[in-house]
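So the sequence lines, in the order shown, correspond to chains A and B. Numbering-wise, the first sequence is residues 1 to 233 according to the working numbering. Numbering-wise, the second sequence is residues 1001 to 1233 according to the working numbering. Beta carbons are placed, not taken as given, at the ideal position from N, Cα and C, and that holds for glycine. Structure first, then comments.
There are 2 protein chains.
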Amino acid sequence: MGGSSRRGERTDRDEPVSKAVVSRLSLYLRELQQLIRDGQETISSTQLGALLGFTDAQVRKDLATFGQFGHPGIGYRCHELIPVIRTILGTSESWRVALLGVGNLGRALVGYKGFRKQGFELVAGFDLDPNQLETGEGQQPSLGGGAEAIPIYPISELATVVRQQGIRMAMLAVPAAAAQSVADQAVAAGIDGILNFAPVTLNLPEHVRCIGVDLAIELEQLAFAVVNNANKA
Amino acid sequence: MGGSSRRGERTDRDEPVSKAVVSRLSLYLRELQQLIRDGQETISSTQLGALLGFTDAQVRKDLATFGQFGHPGIGYRCHELIPVIRTILGTSESWRVALLGVGNLGRALVGYKGFRKQGFELVAGFDLDPNQLETGEGQQPSLGGGAEAIPIYPISELATVVRQQGIRMAMLAVPAAAAQSVADQAVAAGIDGILNFAPVTLNLPEHVRCIGVDLAIELEQLAFAVVNNANKA
DNA sequence: AGTTGTGAACTTGTTCACAGCC
DNA sequence: GGCTGTGAACAAGTTCACAACT
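Now the structure itself:
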């Protein structure tokens, strides 16, 4: 039953972890990486909470969910905690990610440098007709220029490439009208995680995980917050 | 005290509304707009919940927070509910939005058609040196082509343009290292809502609202969900 | 029949407060 | 002194269940 009674990571959690805790974990990780850059070795729950607007108890409870990582009288050691959180999140090994849809947004995603650093490698793009890309005659269509260029395949090749490349996650950046159909193809190809940028709710099988990023919705939430400015964020 | 006792919208809420409710409101709105497109006139809380994975009670409680909009025996009338939700969110009038940073992501945001439909108009872009943009000699630098092109100004003009154009919200799409400094300038210029795409926590005055969209974090959350696949989303 | 709106019950999440450790 | 980890207390969020209405 349950976790170890000694210091360190609890790898055998049986109870489900709440979404709220996991989302804060990512924020802790981001701050810790920044602290390392700034040369700070340790940080207390109070300090880390202050950086993010959380209470000290919140920080401690969140981290204690997974084991005992703090040092009484000292705080948390940044270089110790970072790999712990990455292991929990599942990003201690790099993920190979496909890009579905190479429009404006898709191209921006290819160019984004922040993914690799957090453990995500965009390894292939897919679109209806990759030959529309201006890559030059008879060349493998690609995007991103230089060493980080990724090949762009017709979407009909999705299943083949996903299997060959061991891809498990996809970013869905196609127009709303195509999103469900492309998602279905992705699932059929073996994808089991989708980051959905299309402003529609996807209907997916039970075993597939999906997170939606709808930029218009984010602006709506911001509008509400601005109008209802009464109290703090 | 409190809201009206008659049917309709409660405009004078004093208690704060929870973030969770507001985020679902945006999802309800998106589904209702889709339903209208599909020609559906009314929808029950059970149906609407099923589309989004919520319970019927959840949907009713959320909507009842703001007034009485349902029709017993009928459900909710889509064309009635949509303007109600938009009013609550604050998007019944269109917002003028600035884009800070015209890199890969910034350009994708300019090209995104989904904002206007939800009540957001991207009216001006800012960057360190707009003249780098290939717009032709001696022309006002602009981006987006055709009728929807927006002018791009040097960031030094931020305060002037924000005031002239009545801009209140900004999308921050600059590199992480510049984010805090540009955010400070935006606040000084009078912006009071920031959609932050930079992977850093911003330090902002009390009265400014901020929502962060960190794509690497979204992927992390997805990775965790995929690895901990035990139960449903 | 079908459906809403809502108090009450329940569940989940957050903060408090303090023992134990450095 | 400072700090963590955690049970207990508290707060917030969700679901239940049913009266009221069409």
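Kindly indicate the opening and closing residues of the beta strand (DSSP E) around residue i.
i, result
"Ala1098 (chain B)", "1095-1100"
"Glu1121 (chain B)", "1120-1127"
"Ile1085 (chain B)", "No beta strand (DSSP E) contains Ile1085 (chain B), which is instead part of the alpha helix (DSSP H) from 1078-1089."
Please list the partners that residue i has in chain B, where partner means a Cβ-to-Cβ separation under 7 Å.
i, result
"Thr91 (chain A)", "Glu1220, Ala1223"
"Ser23 (chain A)", "Gln1221"
"His207 (chain A)", "Asn1229"
"Arg168 (chain A)", "Val1226"
Measuring straight from C-alpha to C-alpha, what distance separates residue i and residue j?
i, j, result
"Asp1062 (chain B)", "Leu1029 (chain B)", "12 Å"
"Gly212 (chain A)", "Phe126 (chain A)", "19 Å"
"Ala149 (chain A)", "Glu121 (chain A)", "11 Å"
"Val1017 (chain B)", "Ile1191 (chain B)", "23 Å"
"Ser1005 (chain B)", "Gln1068 (chain B)", "Residue confidence is low: Ser1005 (chain B) scores 44 on pLDDT, short of 50, so the model does not pin down where it sits. No coordinate-derived value is stated."
"Gly1111 (chain B)", "Gly1166 (chain B)", "22 Å"
"Thr1055 (chain B)", "Ala178 (chain A)", "28 Å"
"Ala233 (chain A)", "Asp1014 (chain B)", "In this prediction, Ala233 (chain A) scores a pLDDT of 44, lower than 50, which makes its location untrustworthy; no coordinate-derived value is stated."
"Ala50 (chain A)", "Ala57 (chain A)", "11 Å"
"Leu195 (chain A)", "Ile152 (chain A)", "19 Å"
"Gly1003 (chain B)", "Arg77 (chain A)", "The pLDDT assigned to Gly1003 (chain B) is 38, lower than 50, so where the model puts this residue is not dependable; a value taken from the coordinates is nonetheless given after this. So the two alpha carbons sit approximately 51 Å from each other."
"Ser94 (chain A)", "Val1208 (chain B)", "36 Å"
"Met1001 (chain B)", "Thr1087 (chain B)", "Because Met1001 (chain B) sits at a pLDDT of 38, beneath the cut-off of 50, its placement in the model cannot be relied upon, and the following sentence gives the value as read from the coordinates. If you take the alpha carbons of Met1001 (chain B) and Thr1087 (chain B), they lie about 22 Å apart."
"Asn296 (chain A)", "Gln40 (chain A)", "The first residue shown for chain A is 1 and the last is 233, placing residue 296 (chain A) beyond what the model contains."
"Leu172 (chain A)", "Asp214 (chain A)", "11 Å"
"Arg1116 (chain B)", "Ala225 (chain A)", "19 Å"
"Gly1022 (chain B)", "Thr1091 (chain B)", "It is Val, not Gly, that sits at residue 1022 (chain B) in the sequence shown. Near 13 Å, if we compare the C-alpha coordinates of Thr1091 (chain B) and Val1022 (chain B)."
"Gln164 (chain A)", "Gln1164 (chain B)", "55 Å"
"Leu48 (chain A)", "Thr1201 (chain B)", "12 Å"
"Asp184 (chain A)", "Asn203 (chain A)", "9 Å"
"Arg1107 (chain B)", "Glu1220 (chain B)", "25 Å"
"Val227 (chain A)", "Gly1119 (chain B)", "14 Å"
"Arg1096 (chain B)", "Pro72 (chain A)", "50 Å"
"Cys210 (chain A)", "Phe197 (chain A)", "10 Å"
"Thr46 (chain A)", "Pro199 (chain A)", "38 Å"
"Ile1074 (chain B)", "Ala189 (chain A)", "41 Å"
From the DSSP output, read off the bridge partner residues of residue i.
i, result
"Asn1196 (chain B)", "B:Leu1172, B:Gly1212"
"Gln68 (chain A)", "A:Gly8"
"Gly75 (chain A)", "A:His71"
"Thr42 (chain A)", "A:Arg77"
"Leu143 (chain A)", "A:Ile150"
With distances taken Cα to Cα, identify the nearest neighbour of residue i among the options.
i, options, result
"Met1169 (chain B)", "A:Arg168, A:Leu222, A:Asp214", "A:Leu222"
"Lys1113 (chain B)", "A:Gln118, A:Lys113, A:Leu105", "A:Leu105"
"Leu1128 (chain B)", "B:Ser1181, B:Gly1193, B:Pro1083, B:Leu1081", "B:Ser1181"
"Pro1130 (chain B)", "B:Gly1119, B:Met1171, B:Leu1158, B:Gln1118", "B:Leu1158"
"Asp1038 (chain B)", "B:His1071, B:Arg1024, B:His1079", "B:His1079"
"Val1174 (chain B)", "B:Gly1070, B:Ser1045, B:Arg1163, B:Ile1155", "B:Ile1155"
"Ile1043 (chain B)", "B:Ser1023, B:Gly1070, B:Gly1145, B:Ala1216", "B:Gly1070"
"Glu1206 (chain B)", "B:Val1187, B:Gln1047, B:Val1226", "B:Val1187"
"Gln1033 (chain B)", "B:Ile1082, B:Ala1147, B:Ile1217", "B:Ile1082"
"Arg1007 (chain B)", "B:Glu1218, B:Gly1145, B:Val1059, B:Ala1064", "B:Ala1064"
"Pro1141 (chain B)", "B:Thr1160, B:Val1102, B:Leu1109", "B:Val1102"
"Ala147 (chain A)", "A:Ile217, A:Val123, A:Ala183", "A:Val123"
"Val84 (chain A)", "A:Gly144, A:Leu25, A:Leu99, A:Cys210", "A:Leu25"
"Leu100 (chain A)", "A:Gly75, A:Thr46, A:Leu89, A:Val162", "A:Val162"
"Phe1066 (chain B)", "B:Gly1075, B:Ala1176, B:Leu1052, B:Leu1089", "B:Leu1089"
"Glu1218 (chain B)", "A:Leu109, A:Leu35, A:Gln132, A:Gly75", "A:Leu109"
Mind pulling the chain B residues with CB within less than 9 Å of residue i?
i, result
"Thr201 (chain A)", "Leu1027, Arg1030, Glu1031, Gln1034, Leu1051, Leu1052, Gly1053"
"Ser250 (chain A)", "Residue 250 (chain A) lies beyond the range of chain A shown here (1 to 233); nothing can be said about it."
"Val213 (chain A)", "Val1213, Leu1215, Glu1218"
"Gln47 (chain A)", "Under the 9 Å cutoff, chain B gives no residues; its nearest Cβ is about 13 Å from Gln47 (chain A)."
Below 9 Å on C-beta distance, what does residue i contact in chain A?
i, result
"Gln1165 (chain B)", "Correct list: empty, because the minimum Cβ distance to chain A is about 16 Å."
"Tyr1112 (chain B)", "Asn104, Leu105, Leu215, Ala216"
"Phe1115 (chain B)", "Leu215, Ala216, Leu219"
Which residues bound the alpha helix (DSSP H) around residue i?
i, result
"Ile1150 (chain B)", "Looking at the DSSP string, Ile1150 (chain B) is not in any alpha helix (DSSP H); the run it does join, the beta strand (DSSP E), is 1150-1154."
"Asn1104 (chain B)", "1104-1111"
"Pro1022 (chain B)", "The question names Pro, but residue 1022 (chain B) in the sequence shown is Val. First-last of the alpha helix (DSSP H) with Val1022 (chain B): 1019-1037."
"Gly1190 (chain B)", "Per DSSP, Gly1190 (chain B) belongs to no alpha helix (DSSP H) and is neither H nor E."
"Thr160 (chain A)", "158-165"
"Gly114 (chain A)", "114-117"
Along chain B, in chain order, which residues have C-beta atoms closer than 8 Å to that of residue i?
i, result
"Gly193 (chain A)", "Leu1222, Ala1223, Ala1225, Val1226"
"Arg37 (chain A)", "The contacting residues do not exist; Arg37 (chain A) stays about 10 Å from chain B at best."
"Gln40 (chain A)", "Within chain B, no residue comes near Gln40 (chain A); the closest Cβ sits about 15 Å away, beyond 8 Å."
List, in order along the chain, the chain A residues whose C-beta lies closer than 8 Å to that of residue i?
i, result
"Gln1132 (chain B)", "Within 8 Å Cβ-Cβ: nothing; Gln1132 (chain B) doesn't reach chain A, min ~16 Å."
Mind pulling the chain A residues with CB within less than 7 Å of residue i?
i, result
"Ala1149 (chain B)", "Those within 7 Å of Ala1149 (chain B) in chain A number zero; the least Cβ separation is about 14 Å."
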